[in-house]
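Reviewing the structure listed below.
Residue numbers (the working numbering): 237 to 374.
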């Protein structure tokens, strides 16, 4: 298992034991939930699918999206990401990480569970595969 690392500027704050995860959040203005499914690989993070419940400011649904179970589903066309940098402020709310536990149950927890609540002094977090060669923790 590779694992998911959370930190900033090369400093490791926490590790989450998973090879795939869902990153979820509510749009800061529209309050509509977004979800993105990622696989953790040796090359980086691969965005597999994204879902959004509706449209709004800056939330256009791609032409190839399909509607299922109350969400618009689509496959973003992005290269493998060595690092995913996320803005994180108290005003915008927190991200949620969901992953399958060894028992097979899906666990979802706010990112603050691993790294504390968002704050104004550190307004970002970086996410990467723990064994990703593009991001080495010294």
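A virtual CB, placed ideally from N, CA and C, is assigned to each residue, including glycine. Source: prediction; values computed, not measured.
Please classify residue 276: is it buried, with 16 or more other beta-carbons within 10 angstroms of its beta-carbon, or exposed? Working through the chain shown from its first residue, we reach residue 276 at position 40. Buried, by the Cβ-count rule.
Using a 10 Å radius around the Cβ and a threshold of 16 neighbouring Cβ atoms, would you call residue 247 buried or exposed? As a working note, residue 247 is residue 11 in the chain shown. Result: exposed.
Please state whether DSSP places residue 351 in a helix, a strand or coil. Within the chain shown, numbered from 1, the residue matching residue 351 stands at position 115. DSSP places residue 351 in helix when its eight states are reduced to three.
Determine whether the Cβ of residue 335 lies closer than 8 Å to any Cβ atom of chain B. The structure shown contains no chain B; it holds only a single protein chain.
Cβ separation of residue 278 and residue 365, assumed to be a contact under 8 Å, to the nearest whole Å: Your numbering for residue 278 matches position 42 in the chain shown. Your numbering for residue 365 matches position 129 in the chain shown. Rounded, the Cβ-Cβ distance is 7 Å, consistent with contact.
Out of curiosity, what's the CA-to-CA distance linking residue 303 and residue 309? Your numbering for residue 303 matches position 67 in the chain shown. Your numbering for residue 309 matches position 73 in the chain shown. Between residue 303 and residue 309, the C-alpha separation is close to 6 Å.
Measuring alpha carbon to alpha carbon, tell me which of 265, 346 and 360 ends up nearest residue 252. Within the chain shown, numbered from 1, the residue matching residue 252 stands at position 16. Checked all of 265, 346 and 360; the closest Cα to residue 252 is 346.
Whose CA, out of 350, 241, 242 and 254, lies closest to the CA of residue 335? Numbered from 1 along the chain shown, position 99 holds the residue referred to as residue 335. Ranking the options by Cα distance to residue 335, first place goes to 254.
Please state whether DSSP places residue 335 in a helix, a strand or coil. Locating residue 335 in the chain shown gives position 99, where the first residue counts as 1. Three-state result, residue 335: strand.
Outcome for residue 245 when other beta-carbon atoms lying within 10 angstroms are tallied against a minimum of 16: For the purposes of this step, residue 245 is taken as the residue at position 9 of the chain shown. It counts as exposed.
Using a threshold of 8 Å, state whether the C-beta atoms of residue 273 and residue 285 are closer than that. On the chain shown, position 37 is the one that residue 273 refers to. On the chain shown, position 49 is the one that residue 285 refers to. A contact, by the Cβ cut-off of 8 Å.
Rounded to a whole number of angstroms, what is the C-alpha to C-alpha distance between residue 259 and residue 317? As a first step, residue 259 must be located in the chain shown, where it is residue number 23. As a first step, residue 317 must be located in the chain shown, where it is residue number 81. Looking at the two C-alpha atoms, the distance is approximately 14 Å.
Suppose you measure from the CA of residue 351 to the CA of residue 342; what does that come to, to the nearest Å? Along the chain shown, read from residue 1 onward, the residue named residue 351 stands at position 115. Along the chain shown, read from residue 1 onward, the residue named residue 342 stands at position 106. Those two C-alpha atoms are separated by around 20 Å.
Given residue 367, which residues of its chain have a CB within under 8 Å of its CB, disregarding the five upstream and five downstream residues? On the chain shown, residue 367 is found 131 positions in, with the first residue counted as 1. Excluding residues within five positions, the ones whose Cβ falls inside 8 Å are 238, 239 and 278.
Leaving out five residues on either side along the sequence, give the residues of the same chain with a beta carbon under 6 Å from the beta carbon of residue 241. Taking the chain shown and counting its residues from 1, the one referred to as residue 241 is at position 5. Closer than 6 Å at Cβ, skipping near neighbours: 248, 251, 364 and 366.
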